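J.: Take a look at the following structure, please.
2 protein chains.
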Amino acid sequence: MARTRKISEPKPARAAPLTRDTIVGAAKAVLERDGYDALTMRAVASELGVRAASLYWHVRDKDLLEDWLFGALLDEVTLTVRGADWREDVRAIARQMRGHLMSKRDMQRVSAGRFVLGPPLLRQMEIILGVLRRGGLSNRDAAFGIYTLLNYVNGFVLFQTAPLSAAQAKGAKRGVVFAGLRRQLAALPAATYPNSVALAGDLTSNDPDARFEFGLDLLIEGLERRAKPSHADAWRPASEGLNQES
Amino acid sequence: MARTRKISEPKPARAAPLTRDTIVGAAKAVLERDGYDALTMRAVASELGVRAASLYWHVRDKDLLEDWLFGALLDEVTLTVRGADWREDVRAIARQMRGHLMSKRDMQRVSAGRFVLGPPLLRQMEIILGVLRRGGLSNRDAAFGIYTLLNYVNGFVLFQTAPLSAAQAKGAKRGVVFAGLRRQLAALPAATYPNSVALAGDLTSNDPDARFEFGLDLLIEGLERRAKPSHADAWRPASEGLNQES
DNA sequence: ACCTGAACACCGTTCAAGT
DNA sequence: ACCTGAACACCGTTCAAGT
Chain A
1061 MARTRKISEP KPARAAPLTR DTIVGAAKAV LERDGYDALT MRAVASELGV
1111 RAASLYWHVR DKDLLEDWLF GALLDEVTLT VRGADWREDV RAIARQMRGH
1161 LMSKRDMQRV SAGRFVLGPP LLRQMEIILG VLRRGGLSNR DAAFGIYTLL
1211 NYVNGFVLFQ TAPLSAAQAK GAKRGVVFAG LRRQLAALPA ATYPNSVALA
1261 GDLTSNDPDA RFEFGLDLLI EGLERRAKPS HADAWRPASE GLNQES
Chain B
1061 MARTRKISEP KPARAAPLTR DTIVGAAKAV LERDGYDALT MRAVASELGV
1111 RAASLYWHVR DKDLLEDWLF GALLDEVTLT VRGADWREDV RAIARQMRGH
1161 LMSKRDMQRV SAGRFVLGPP LLRQMEIILG VLRRGGLSNR DAAFGIYTLL
1211 NYVNGFVLFQ TAPLSAAQAK GAKRGVVFAG LRRQLAALPA ATYPNSVALA
1261 GDLTSNDPDA RFEFGLDLLI EGLERRAKPS HADAWRPASE GLNQES
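Residue numbers (my numbering), protein chains in the order written: chain A, 1061 to 1306; chain B, 1061 to 1306.
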């Protein structure tokens, strides 16, 4: 994409005419630098050396721009599968998606409740569906399975990264918030909240990785059970030591 | 909570002094009548016959008001369990939560990424934890399990009710959106998207109830596997006909 | 065809001032 | 103690007007 560039530009900020790509790029830059709350049409325009009104020649409204942004962010993850054990591939895909979702600032807030079936999502779905079908899932189970997986990863990251409440997370570190919650739970009247008091420690352990793997294990085991006609000969019990891969 | 009421009021809208309860009640009314996008401080104040600035004497900011609203909405569901088969109870609880989440307009947008550990959530967690522990889950598994369940239900409803994209859901019925997606998938080049083309029908079947039960089955089966020492004698294969209950 | 100026109809929030 | 008036610093979006 080499682009001829005129040298004499009055404003240094304005370089090339606006395109969908440059606009999405500016939105990405604003999101990464200033966060979702600062992602305004005026900020995106300013990033391009342009006024907000100019954007509306190229994009219908902000919601559509966020759809584009969603696609662009999604396109930056490349799902890699080994092609050997399909359950390992499902696990690797889920981890890669979660890792990507957490590496891009506020991406989960762009993704929340957004399901734009464009080329970026299609490319990924194609890969995931391939793994599930290779595992021997029926068409229906593969379709339901991919939604469940996408749903799980997105929902997990959304709840993992969200402020735990307006009251607490005013700049408080997540560790101290959990410590506070633990004290709060432990101090409850044990007569009316016996379970919450007993599990105060377990409920506030704050190890999101282990919790992610726990739910992921449930899903993968369930999918495995539905794979192939009936048998579950190669069953491998879920152990503490999960197979790591980078 | 009988409240003495002075009869002579200059403004008919203003009846009683503002309290946390009346403010939350007004927010609930606005949300139910006009939806989340219309839930502004000015609208809540107007519902009370008061100006927006007045609210700030009683609540720090809008985010905290939404925390309160979240609690109030959550408090309106009463989880009922039978106490017989714990897996049935888990299923019933998940269904009740989903039903409640969908019955209150835009509640999932208030709940998304919000986890306010106040009395309303504590009451429900206490019930769910009781069921999981009765099923024989370890403390750790019960804690992880309840997060996974809450996460699943909230994430599912969020993705189920969210507009499928800015491009599509401009007033379009969900059925026709899915039909459009089906055609879009089926029309893809089968060489590069073999799985998406083959599963075009299954991916766009639009039966959220069945999809919800599918994922729920995966979770419940996985929890069951972790219950008690090791055996899975009373295993009941997941059949098409799921046990219904109102 | 593409961008600007200026405006419209809003927001959340603050704060002196009223009672 | 509790509420109002008025403002501040923003929003997304529209549209005539410029080039």
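Note that CB positions come from ideal geometry on N, CA and C, so glycine has one too.
Values in this document were obtained by computation on a predicted structure and should not be read as measured data.
Decide if the segment 1090-1107 of chain B is in contact with the segment 1148-1166 of chain B; the criterion is three or more beta carbon pairs, one per stretch, under 8 Å apart.
T.: As far as the Cβ criterion goes, the segment 1090-1107 of chain B touches the segment 1148-1166 of chain B, which means the pair count is three or higher.
J.: Confirm, please, whether the CB-CB distance from M1101 of chain B to L1125 of chain B is below 9 Å.
T.: Yes. Within cutoff.
J.: Three or more C-beta pairs closer than 8 Å, one from the segment 1247-1261 of chain B and one from the segment 1183-1199 of chain A: is that the case here?
T.: Contact holds: three or more Cβ-Cβ distances are below 8 Å.
J.: Quick check: does the Cβ of V1090 of chain A come within less than 8 Å of any heavy atom belonging to the ligand FAD?
T.: Inclusion of the ligand FAD in the displayed structure is not the case, the ligand content being empty and no account of it being possible.
J.: Can you look up T1252 of chain B in the DSSP assignment and give me helix, strand or coil?
T.: T1252 of chain B falls in the coil class under three-state DSSP.
J.: Distance check for F1272 of chain A and A1087 of chain A, CA to CA, integer angstroms please.
T.: Each residue's Cα considered, the two are about 30 Å apart.
J.: Going by DSSP, what residue range makes up the alpha helix (DSSP H) through N1214 of chain A?
T.: Its alpha helix (DSSP H) spans residues N1199 to T1221.
J.: Leaving out the 5 sequence neighbours to the left and right, which residues in its chain are closer than 8 Å to T1208 of chain A when beta-carbon positions are compared?
T.: Excluding positions up to five away in sequence, the list reads L1279.
J.: Less than 6 Å between C-beta atoms, sequence neighbours within five positions excluded: which residues of the same chain meet that for D1269 of chain B?
T.: So no residue of the chain qualifies.
J.: Out of A:V1217, A:L1177, A:L1224 and A:N1266, state which residue places its alpha-carbon closest to the alpha-carbon of L1276 of chain A.
T.: For L1276 of chain A, the nearest C-alpha among the options comes from A:V1217.
J.: Are the CB atoms of L1161 of chain B and S1171 of chain B within a distance shorter than 9 Å?
T.: For S1171 of chain B and L1161 of chain B, yes; Cβs fall inside 9 Å.
J.: Can you find a C-beta in chain A that's less than 9 Å from the C-beta of Y1253 of chain B?
T.: Yes, Y1253 of chain B lies at the interface with chain A (some Cβ there is under 9 Å from its Cβ).
J.: Tell me whether Y1096 of chain A sits in a helix, a strand or coil according to DSSP, three-state version.
T.: If DSSP states are grouped into helix, strand and coil, Y1096 of chain A belongs with the helices.
J.: Relative to the alpha-carbon of L1108 of chain B, which residue among B:N1211, B:T1082 and B:A1202 has its alpha-carbon at the smallest distance?
T.: With distances taken between Cα atoms, L1108 of chain B lies closest to B:T1082.
J.: Nearest by alpha-carbon distance to G1054 of chain A: which of A:Q1184, A:K1288 and A:R1174 is it?
T.: The question about residue 1054 of chain A has no answer here: the residues shown for chain A are numbered 1061 through 1306.
J.: In the structure shown, what three-state DSSP assignment does V1141 of chain B receive?
T.: Note: V1141 of chain B maps to coil in three-state DSSP.
J.: Please name the residues in the segment 1194-1206 of chain B whose beta-carbon is closer than 7 Å to at least one beta-carbon of chain A, in chain order.
T.: Answer in chain order: N1199, R1200, A1202, A1203 and F1204.
J.: With DSSP as the reference, label F1175 of chain A as helix, strand or coil.
T.: Of the three classes helix, strand and coil, the one that applies to F1175 of chain A here is coil, per DSSP.
J.: From D1267 of chain B to F1274 of chain B, what distance separates their C-alpha atoms?
T.: Between D1267 of chain B and F1274 of chain B, the C-alpha separation is close to 11 Å.
J.: Got a sec: which bits of the segment 1161-1176 of chain A sit with their beta carbon under 9 Å from any beta carbon on chain B, in order along the chain?
T.: Result list: Q1168, R1169, A1172, G1173, R1174, F1175 and V1176.
J.: Could you check if V1236 of chain B is buried or exposed, using at least 16 other CB atoms within 10 Å of its CB as the buried criterion?
T.: Per the 10 Å Cβ criterion, exposed.
J.: With DSSP collapsed to three states, give me the class of S1265 of chain A.
T.: S1265 of chain A: coil per DSSP, three-state reduction.
J.: Which term fits E1284 of chain A, buried or exposed, when burial requires 16 or more other beta carbons within 10 angstroms of its beta carbon?
T.: It is buried - the Cβ of E1284 of chain A has at least 16 other Cβ atoms within 10 Å.
J.: If you run the structure through DSSP and keep just helix, strand and coil, what is R1165 of chain A?
T.: DSSP places R1165 of chain A in coil when its eight states are reduced to three.
J.: What does the alpha-carbon distance come out to for the pair L1197 of chain A and K1288 of chain A?
T.: Computed Cα separation, rounded: 6 Å.
J.: Need the endpoints of the alpha helix (DSSP H) that V1104 of chain B sits in, please.
T.: Residues M1101 to E1107.
J.: Check for me: the alpha helix (DSSP H) holding V1110 of chain B runs from which residue to which?
T.: Unbroken run through V1110 of chain B: none, as it is neither H nor E.
J.: So, is the C-beta of A1270 of chain A closer than 9 Å to a C-beta in chain B?
T.: Yes, A1270 of chain A lies at the interface with chain B (some Cβ there is under 9 Å from its Cβ).
J.: Mark A1152 of chain A as exposed unless 16 or more other C-beta atoms lie within 10 angstroms of its C-beta, in which case mark it buried.
T.: Label assigned to A1152 of chain A: buried.
J.: Please compile the residues from chain A whose C-beta is within a distance smaller than 7 Å of the C-beta of M1185 of chain B.
T.: Ordered by position in chain A, the residues that pass the 7 Å Cβ test against M1185 of chain B are S1256.
J.: Below 8 Å on the Cβ atoms is my contact criterion, and I expect L1078 of chain A with V1104 of chain A to pass it. Report the Cβ-Cβ distance as a whole number of Å.
T.: With 8 Å as the limit, L1078 of chain A and V1104 of chain A do not qualify as a contact, their Cβ atoms being about 10 Å apart.
J.: Let's test the definition: count the other Cβ atoms within 10 Å of the Cβ of E1136 of chain A and tell me whether it reaches 16, buried, or not, exposed.
T.: Flag for E1136 of chain A reads exposed.
J.: So that I know if they touch, is there some Cβ in chain A lying closer than 9 Å to that of R1285 of chain B?
T.: Closer than 9 Å to some Cβ of chain A, the Cβ of R1285 of chain B qualifies, so yes.
J.: Short check: CB of D1201 of chain A to CB of R1286 of chain A, under 9 Å?
T.: It is a contact, given that the beta carbons lie within the stated cut-off.
J.: Does G1195 of chain A pass the burial test, meaning 16 or more other C-beta atoms within 10 Å, or should it be called exposed?
T.: By the 10 Å Cβ count, G1195 of chain A comes out buried.
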